[in-house]
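Peer 1:
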DNA sequence: TTCAATTCCTACCAATTTACTATGAATAGT
DNA sequence: ACTATTCATAGTAAATTGGTAGGAATTGAA
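Structural data, given as structure tokens:
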């Protein structure tokens, strides 16, 4: 039960964008790659997931780049992680098909654990994370 | 961030053994395999992990098998999962080496999340799980 | 209007991990 | 002695992870 590198890198990007939230400029992937140490091409894929969940917006072309759609004071770590970590689902059967539905003794356990994890992650905002105020 | 099949199967075994906790007999792997639908050989490996963490005891030979070392009223789901799921660690850097120690903005986050998950899992006992009283 | 800088889309790939299967030795009861 | 069991360890196919790569689409600036 490990967090993927996408989850870690996605957080790095989010924190980096949080620093620039009040500026007018967009931050391009080259800069993000330099700041995080992750390859541009891989970051592009990760950021695409965040964009799909409306966590960042983008503009193309020269002076293009990315920006958070929401203030780091309200945007939570939970939302970022769910975007890049395939919804953070602990087991497949939770929202999909559970082969043993009804007889699976642990089904409710996974559900509660899932709630527990997410409700914690949703209490931490990006700005808290950036200031290590957790 | 998925639970492995070892984690799920380990729980099944634990719940099954919980049913027989008050009996004198040991439950052998053939029976456990039939009850859980998992192959004997795979279960042997999983149970070995539980044995290493002193969650079950075993006797060999005819009439041999496995038994919980502790009452299902006090044995928690957390202990079972930590035994079979490589200590449930969310990220590698938590108890091992963190390449970016000091600069890793998420280090504390993972620590807190880890605590959160485990403290929840340690509130659920095997008997509660067996009775779906979660 | 052309050019350069950027995001976007998607195919591919190597290494690792997962989820087992398989073989046989050690041990204990009958 | 025999049989039923656990214990130890090696092997392996499939899936997943963690990327790399190529190029199309878009935008701003010269």
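Chains as they are written, first to last, in my numbering: chain F, 962 to 1095; chain W, 962 to 1095.
Quick reminder that beta carbons are idealized off the backbone N, C-alpha and C, glycines included.
Give me the Cβ distance between residue 1008 (chain W) and residue 1027 (chain W), rounded to the nearest whole Å; I'm assuming they're in contact under 8 Å.
Peer 2: Contact flag correct, Cβ pair sits at about 6 Å.
Peer 1: Taking 8 Å as the cut-off, does the stretch 1061-1081 of chain F touch the stretch 964-972 of chain W (at least 3 CB pairs, one atom from each stretch)?
Peer 2: The answer is yes - the stretch 1061-1081 of chain F touches the stretch 964-972 of chain W, with three or more Cβ pairs under 8 Å.
Peer 1: Would you report the Cα separation of residue 988 (chain F) and residue 978 (chain F), rounded to the nearest angstrom?
Peer 2: Rounded to the nearest angstrom, the two C-alpha atoms are 7 Å apart.
Peer 1: Quick one: is residue 1027 (chain W) near chain F, going by C-beta distance under 8 Å?
Peer 2: Output row for residue 1027 (chain W): interface = no.
Peer 1: According to DSSP, which residues form a beta bridge with residue 1017 (chain W)?
Peer 2: Answer is W:1029.
Peer 1: Which value, in whole angstroms, describes the spacing of the CA atoms of residue 1094 (chain F) and residue 1070 (chain W)?
Peer 2: The alpha-carbon atoms of residue 1094 (chain F) and residue 1070 (chain W) are separated by roughly 10 Å.
Peer 1: Could you tell me if residue 1034 (chain W) is buried or exposed, where buried requires 16 or more neighbouring beta carbons within 10 angstroms of its beta carbon?
Peer 2: When all chains shown are included, residue 1034 (chain W) counts as exposed.
Peer 1: For the alpha helix (DSSP H) containing residue 963 (chain F), list its first residue and its last residue.
Peer 2: Per DSSP, residue 963 (chain F) belongs to no alpha helix (DSSP H) and is neither H nor E.
Peer 1: Could you name the residues of the stretch 1005-1028 of chain F whose beta carbon sits closer than 9 Å to any beta carbon of chain W, in the order they occur along the chain?
Peer 2: Per Cβ criterion, the list is empty.
Peer 1: Would you list the one or two residues that DSSP bridges to residue 1037 (chain F)?
Peer 2: DSSP lists F:1086 as partners of residue 1037 (chain F).
Peer 1: Output yes if chain W places a C-beta closer than 8 Å to the C-beta of residue 1040 (chain F); else output no.
Peer 2: Not an interface residue.
Peer 1: Listed from N- to C-terminal order along the chain, which residues in the stretch 1073-1093 of chain F have their beta-carbon within a distance smaller than 8 Å of any beta-carbon of chain W?
Peer 2: Residues 1073, 1074, 1077, 1078, 1081, 1082, 1085, 1090, 1091 and 1093.
Peer 1: What residue from F:1015, F:971 and F:985 has the CA that sits closest to residue 996 (chain F)'s CA?
Peer 2: Nearest of F:1015, F:971 and F:985 to residue 996 (chain F), Cα basis: F:971.
Peer 1: Taking 8 Å as the threshold (C-beta atoms), are residue 1029 (chain F) and residue 1016 (chain F) in contact?
Peer 2: Cβ atoms of residue 1016 (chain F) and residue 1029 (chain F): closer than 8 Å.
Peer 1: List, in chain order, every chain F residue whose beta-carbon is nearer than 8 Å to that of residue 969 (chain W).
Peer 2: Those are 1052 and 1067, listed as they occur along chain F.
Peer 1: Rounded to whole angstroms, what's the CA-CA distance from residue 1011 (chain W) to residue 1000 (chain F)? Just pull it up for me.
Peer 2: The straight-line gap from Cα to Cα measures roughly 40 Å.
Peer 1: Please state whether the Cβ-Cβ distance between residue 1031 (chain W) and residue 968 (chain W) is less than 8 Å.
Peer 2: No.
Peer 1: Using DSSP's beta-bridge definition, name the partner residues of residue 997 (chain W).
Peer 2: Bridge partners of residue 997 (chain W): none, in fact.
Peer 1: Please state whether DSSP places residue 1024 (chain F) in a helix, a strand or coil.
Peer 2: Note: residue 1024 (chain F) maps to coil in three-state DSSP.
Peer 1: Based on Cα-Cα distance, which residue from W:1036, W:1078, W:1052 and W:1054 lies nearest to residue 1086 (chain W)?
Peer 2: When only C-alpha atoms are compared, the closest one is W:1036.
Peer 1: I think residue 1090 (chain F) touches residue 1038 (chain W), with their Cβ atoms under 8 Å apart; what is that distance to the nearest whole Å?
Peer 2: Residue 1090 (chain F) to residue 1038 (chain W), Cβ: 29 Å. No contact.
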